[in-house]
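Working notes, structure below.
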Amino acid sequence: MSSDIGMLGLGVMGQNFALNLERNGLTVSVYERVVEVTNAYMRGIAAGKQITPAYSVDAFVESLSRPRRIMMLVKAGEPVDITIQQLLPFLEKGDILIDGGNSHFLDTERRGHELEPKGIRYVGMGVSGGEEGALNGPSLMPGGDEKAYRALEQLLIKVAAKALEDGEPCVTYVGPGGAGHYVKMVHNGIEYGDMQLIAESYDLLKRALGLTAPDFQRLFTEWNKGKLSSFLIQATALVFQKIDPETGAPLVDMILDTAGQ
Numbered sequence: 540m541s542s543d544i545g546m547l548g549l550g551v552m553g554q555n556f557a558l559n560l561e562r563n564g565l566t567v568s569v570y571e572r573v574v575e576v577t578n579a580y581m582r583g584i585a586a587g588k589q590i591t592p593a594y595s596v597d598a599f600v601e602s603l604s605r606p607r608r609i610m611m612l613v614k615a616g617e618p619v620d621i622t623i624q625q626l627l628p629f630l631e632k633g634d635i636l637i638d639g640g641n642s643h644f645l646d647t648e649r650r651g652h653e654l655e656p657k658g659i660r661y662v663g664m665g666v667s668g669g670e671e672g673a674l675n676g677p678s679l680m681p682g683g684d685e686k687a688y689r690a691l692e693q694l695l696i697k698v699a700a701k702a703l704e705d706g707e708p709c710v711t712y713v714g715p716g717g718a719g720h721y722v723k724m725v726h727n728g729i730e731y732g733d734m735q736l737i738a739e740s741y742d743l744l745k746r747a748l749g750l751t752a753p754d755f756q757r758l759f760t761e762w763n764k765g766k767l768s769s770f771l772i773q774a775t776a777l778v779f780q781k782i783d784p785e786t787g788a789p790l791v792d793m794i795l796d797t798a799g800q
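Going by my numbering, the letters in the sequence shown line up with residues 540 to 800, in that order.
So this is what it looks like as structure tokens:
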């Protein structure tokens with residue numbers, strides 16, 4: 540029996556997105572170049588699901604119903620190009636490739652142009668929500684080949700997050716070429732700007748007014764009830780509640796104010 544869709548790449552995002560697809564009634568084939576990762580996934584959270592492992596690229600592609608729908612969740616940059624080149628010998632005209640990673644929009648634009656003469660339909664799709672979103676419903680920003688999007692639309696509506704206000708699915712076609720990954724780039728810029736504002740508010744109020752973690756927890760909880768209500772404000776309020784089990788002190792006060800790799 541052929542699978543409805545293929546997931547290539549079994550990092551946390553790929554694993555959870557495959558489970559989301561399966562939970563919404565789709566049969567899924569998965570492929571990961573590291574065999575041990577595939578085996579651990581199939582023995583673990585994918586056990587008993589309508590998820591079929593493949594152990595070679597050709598077997599993976601052959602396991603899919605035609606026209607094939609393949610979602611790639613691999614590291615941005617050269618790994619995407621390598622993956623496409625590995626897939627190409629086994630793809631046919633009309634097959635759809637979806638890049639759900641954080642590719643640069645110009646790379647997505649280039650890949651779409653390169654694949655178009657071969658008849659491969661390419662969709663660059665921003666995915667927001669992290670690993671929890673991938674599992675329970677992400678916000679999706681697809682761009683590229685519009686006909687390919689229309690062929691995927693009902694599938695994406697099923698797995699996308701739903702707006703709290705009206706239940707509308709958090710997915711829509713955002714434009715041709717690299718538009719999907721461009722929108723994700725703008726989304727990330729806004730998010731990181733918000734995070735910087737939160738960090739500077741914390742720093743100012745701590746230094747100038749001497750607020751403590753419990754004070755911040757109450758303040759951010761209050762902010763989350765009004766115009767500032769957002770996931771980031773809510774998450775920050777929860778951070779201030781966290782206690783370090785070793786010292787009994789607020790965890791935020793125990794974290795070094797440094798960053799490094």
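The C-beta atom is built at its ideal place from N, Cα and C for all residues, glycine as well.
Would you kindly work out how many angstroms separate the C-alpha atoms of residue i and residue j, rounded to a whole number?
| i | j | result |
| --- | --- | --- |
| L522 | R660 | This structure does not reach residue 522, given that the chain is present from 540 up to 800, and the question cannot be answered. |
| L626 | A687 | 18 Å |
| G765 | L679 | 27 Å |
| S568 | I623 | 17 Å |
| T760 | S769 | 11 Å |
| D754 | D634 | 55 Å |
| M540 | E601 | 11 Å |
| G550 | M664 | 17 Å |
| G787 | K781 | 10 Å |
| L736 | K745 | 14 Å |
| I729 | L654 | 31 Å |
| E648 | Y594 | 30 Å |
| Y570 | L694 | 20 Å |
| M724 | E704 | 25 Å |
| V666 | E685 | 17 Å |
| M610 | M552 | 11 Å |
| L743 | P606 | 56 Å |
| R582 | V574 | 12 Å |
Grab me the residues of residue i's own chain with a C-beta within less than 6 Å of its C-beta, minus the 5 sequence neighbours each way, in chain order.
| i | result |
| --- | --- |
| K588 | E561 |
| L597 | For the record, residue 597 in the displayed sequence is Asp; it is not Leu. These residues qualify, in order along the chain: F629. |
| F644 | G717, H720 and Y721 |
| T566 | S542, D543 and Q589 |
| N578 | none |
| D733 | L771 |
| Y580 | L549 and Q554 |
Assuming residue i and residue j make a contact with CB atoms under 8 Å, what is their CB distance in whole Å?
| i | j | result |
| --- | --- | --- |
| P677 | G668 | 4 Å |
| S604 | S542 | 7 Å |
| A738 | Q756 | Not confirmed; about 16 Å, so no contact. |
| G714 | G749 | With 8 Å as the limit, G714 and G749 do not qualify as a contact, their Cβ atoms being about 49 Å apart. |
| V619 | G639 | The Cβ separation is near 10 Å, so there is no contact. |
| F599 | G545 | 6 Å |
| A585 | L558 | 7 Å |
For residue i, does the three-state DSSP call read helix, strand or coil?
| i | result |
| --- | --- |
| Y661 | strand |
| L565 | coil |
| S542 | strand |
| G717 | coil |
| G683 | strand |
| I584 | coil |
| A593 | strand |
| Y712 | coil |
| K781 | coil |
| D638 | strand |
| S667 | strand |
| L547 | strand |
Looking only at its chain, what residues have a beta carbon closer than 8 Å to the beta carbon of residue i, apart from the 5 residues adjacent to it on each side?
| i | result |
| --- | --- |
| I696 | P708 and V710 |
| K701 | G676, E707, P708 and C709 |
| T591 | S542, T566, V567, S568, V569 and S602 |
Any heavy atom of the ligand MG closer than 7 Å to the beta-carbon of residue i?
| i | result |
| --- | --- |
| M793 | Although the ligand MG was asked about, the structure shown includes no ligands whatsoever. |
I'd like the list of long-range same chain contacts for residue i, defined as Cβ closer than 7 Å, with 5 residues on each side in sequence excluded.
| i | result |
| --- | --- |
| A752 | F779, P789, V791 and D792 |
| N555 | E670, A673 and L674 |
| R650 | I623 and Y661 |
| N763 | I772, Q773 and A776 |
| I621 | none |
| G658 | K632 and G633 |
Taking CB distances under 8 Å as the criterion, tell me whether residue i reaches chain B.
| i | result |
| --- | --- |
| G728 | Judged by its chain identifiers, the structure shown contains no chain B, having just a single protein chain. |
- Message: When you compare the segment 615 to 624 with the segment 680 to 699, are there three or more beta-carbon pairs, one atom per stretch, that lie closer than 8 Å?
- Response: Taking 8 Å as the limit for Cβ pairs, the verdict is that the segment 680 to 699 does not touch the segment 615 to 624.
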